[in-house]
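Enquirer: Let me begin by handing over the structure; questions about it come next.
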Amino acid sequence: MHALKGQLFSVGTHASIRSIRRQPLSPLRKPSLNAFSQAAVASGHRQTLEESPSADTIFALSTHPGKSAIAIVRVSGPQTASVLSQMLAAKCPPAARKATMTRITHPLDASNTLDTAICLWFPGPHSYTGEDMAEFHIHGGTAVIGSVLQALGDINGVRMAAAGEFSRRAFDNDKMDLTKLEGVADLINAETEEQRKLAVRQIDGELYIKYSRWREAIVGARARIEAVIDFSEEENIEDGVYAQVRQDVDALRMEIAGHLDDRRRGEIMRSGVALSIVGPPNSGKSTMLNKLAMRQVAIVSPIAGTTRDIVETTLDIGGYPVVVRDSAGLRKSSDDVIEIEGIRRAIQAAENADVRIFMLDAAQALRCTSLEQVLDDADWKRLLYLPHTFVVLNKSDTLGTLDSAMTKQAIDRWVSAQKQLLGAPVALVSCTTMHGWDALMGKVADDIRQSWGRSAGSSMPLTKARHREHLKRCLYHLDAFDRIGEEDLVVLAAEELRAASDALGKITGNVGIEDILDALFSEFCIGK
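Residue 13 is where the sequence shown starts when you use this note's numbering, and the numbers rise one by one after that.
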């Protein structure tokens, strides 16, 4: 694991940090949080491990900057106990893992009380980072936060943390593997209940356990193959060993292939189900988007061609993250070059979407015998036949009294005919009166849950494209191993197994992965 230590991220150079340290906090000076942050990020230079060794003691604000009831400042590294001794009124660390109310003072002026706050002391290795670590739970005013950060910056050997550096140290100290750290990032960014559940399962180690078990199985198979290479002539151990290894590897190949064949379920749950609202102009697409978002996202106008580009917003539908996209109205002819491009993009977005809502004006649709007649020979009517497509007859409020027998009979006949034609659900709604709205959203949520959601007892799905690529590489080498066949080529067979195990190791961080660490930890906030 220690071989994985590479570049760390920093918000500034040593010079910028030193410039902060050269400005001791006087009793009359009230530093601005923004001023401190701006000074710290003055340089875009990123430090390497040689410039910023993990032996440094780091600090950062771990809660959102700005006014709040409480703010948390983290400190981690070998000087943490010294920091506490210099800044706490008691002049020593408090009891380990016990919340202690204390007075926080400036390290260069003990008479300058910065705040009265809660302090927590976590001696390593029993901490998040595996190092000595502390937290100050202070009042969340900008002046208080700025004063505490400035005071920490005035202590020699203590610097502001880089983005994700606390988590990077947890990784370097074997507190977490890479999949768990990715789960932490996903949990921080989770916006829906399903995203939260998926992230918690990943933090709990479901993926790590699965991938580690597979890697151990491949390493064990490789060990048996190499035993055949090294000792077969002397110890007579070749009989049956190679055949058993092939059988075990074949079973593993099937398991990994099944894990990959998940229709990107976990990735979709993590990034959001793509839902495209399409249909002719003035069918109510933008109104539906605004109703879903409960705010004015798209411009609504009776003028055809108002929406010309893709307008999108991310929503929570039934606990699932859904990226809803409104687009230009679909019509066969237009003299407007921009609108024509908008229609092309709308069709492309609908084809690439996971779910589609195809909207039609109910009154116009019911005047025709079928959707084929409504759409005439439009080349985009093929969208109706794609899976996960809901046909929505909007503006039901324009049909008169919905309880009238004539209206019901007309609708029932039309809907029945379309269901047979399309094999897709057809719903009657009004985005103005909200008639049929809950039923439609319930059907959409059910479709998402059945297609991409988690069933009871289901295994943890893939959540990252990175995992998928490494698993494909692993499967490629296992397939190559299977094709070798000849026992006199066992050296090549062992090499394929080595490459397969390395591919799995790159998912969890068991082998060199410096090329992806920077990208991962840069997604974390400064105090994580």
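Where a beta carbon is used, it is the ideal one built from N, C-alpha and C, also for glycine.
Cα-Cα, which of Leu395, Trp426, Asp366, Leu396 is closest to Arg379?
Expert: Ranking the options by Cα distance to Arg379, first place goes to Trp426.
Enquirer: Leu120 by DSSP, collapsed to three states: which one?
Expert: Three-state DSSP puts Leu120 in coil, outside helix and strand.
Enquirer: Does the segment 442-459 touch the segment 185-201, meaning 3 or more C-beta pairs lie closer than 8 Å?
Expert: No, the segment 185-201 is not in contact with the segment 442-459.
Enquirer: What separation, rounded to the nearest whole angstrom, lies between the Cα atoms of Tyr488 and Glu508?
Expert: Using only the alpha carbons, I get a separation of about 9 Å.
Enquirer: Less than 8 Å separating the beta-carbons of Val257 and Ile241?
Expert: No, Cβ-Cβ distance for Val257 and Ile241 is not below 8 Å.
Enquirer: Run through DSSP, which three-state label would His76 get?
Expert: His76 falls in the coil class under three-state DSSP.
Enquirer: Take Leu100 as the anchor and find which of Ile289, Leu120, Lys420, Ile82 has the nearest alpha-carbon.
Expert: Nearest option by C-alpha distance: Leu120.
Enquirer: If Ser224 sits next to Thr520, beta carbons under 8 Å apart, how far is it from one beta carbon to the other, in whole angstroms?
Expert: About 6 Å separates the two Cβ atoms, so the contact holds.
Enquirer: In the DSSP assignment, find the alpha helix (DSSP H) that holds Asn364 and state where it starts and stops.
Expert: It spans 349-364 - the alpha helix (DSSP H) in which Asn364 sits, taken as one unbroken run.
Enquirer: So is Asn406 buried or exposed if we call it buried at 16+ other beta carbons inside 10 Å?
Expert: It counts as buried.
Enquirer: Apart from the five residues on each side of it in sequence, which residues of its chain come closer than 7 Å, Cβ to Cβ, to Met453?
Expert: Contacts found: Ile329.
Enquirer: Under DSSP, the beta strand (DSSP E) around Ser288 begins and ends at which residues?
Expert: Run containing Ser288: 285-290, per the beta strand (DSSP E) assignment.
Enquirer: My understanding is that Ala93 touches Thr114, with C-beta atoms under 8 Å, so please give their C-beta distance in whole angstroms.
Expert: Between Thr114 and Ala93 the Cβ distance is about 15 Å, and since that is not below 8 Å, they are no contact.
Enquirer: Inspect the CB distances between the segment 175-194 and the segment 141-151 and report whether three or more fall short of 8 Å.
Expert: Contact between the segment 175-194 and the segment 141-151 is present, because at least three Cβ pairs lie under 8 Å.
Enquirer: Is Val456 buried or exposed, if buried means 16 or more other CB atoms sit within 10 Å of its CB?
Expert: Val456 is buried by the Cβ-count criterion.
Enquirer: Hey, out of Ile157, Pro106, Gln376, Ala111, whose CA is closest to Thr125's CA?
Expert: The shortest C-alpha separation from Thr125 is found at Ile157.
Enquirer: Are the CB atoms of Leu210 and Met281 nearer to each other than 8 Å?
Expert: It is a contact, given that the beta carbons lie within the stated cut-off.
Enquirer: Using C-beta distances below 6 Å, list every residue in its chain close to Asn522, excluding the 5 sequence neighbours before and after it, in chain order.
Expert: Excluding sequence neighbours, Asn522 sits near nothing in its chain.
Enquirer: What does DSSP give as the partner residue(s) for Asn406 in the beta ladder?
Expert: Partner(s): Asp373.
Enquirer: Less than 8 Å between the CB atoms is what I'm expecting for Leu287 and Asp366, so what's the real figure, rounded?
Expert: About 7 Å separates the two Cβ atoms, so the contact holds.
Enquirer: For my contact list, Ala515 and Arg480 are in at a C-beta cut-off of 8 Å; report their separation, rounded to the angstrom.
Expert: No, Ala515 and Arg480 are not in contact; Cβ-Cβ is about 11 Å, not under 8 Å.
Enquirer: By how many angstroms is the C-alpha of Leu190 removed from the C-alpha of His149?
Expert: Spanning the two alpha carbons is a distance of roughly 28 Å.
Enquirer: In whole angstroms, what is the alpha-carbon distance linking Lys393 and Val349?
Expert: C-alpha separation (whole angstroms): 21 Å.
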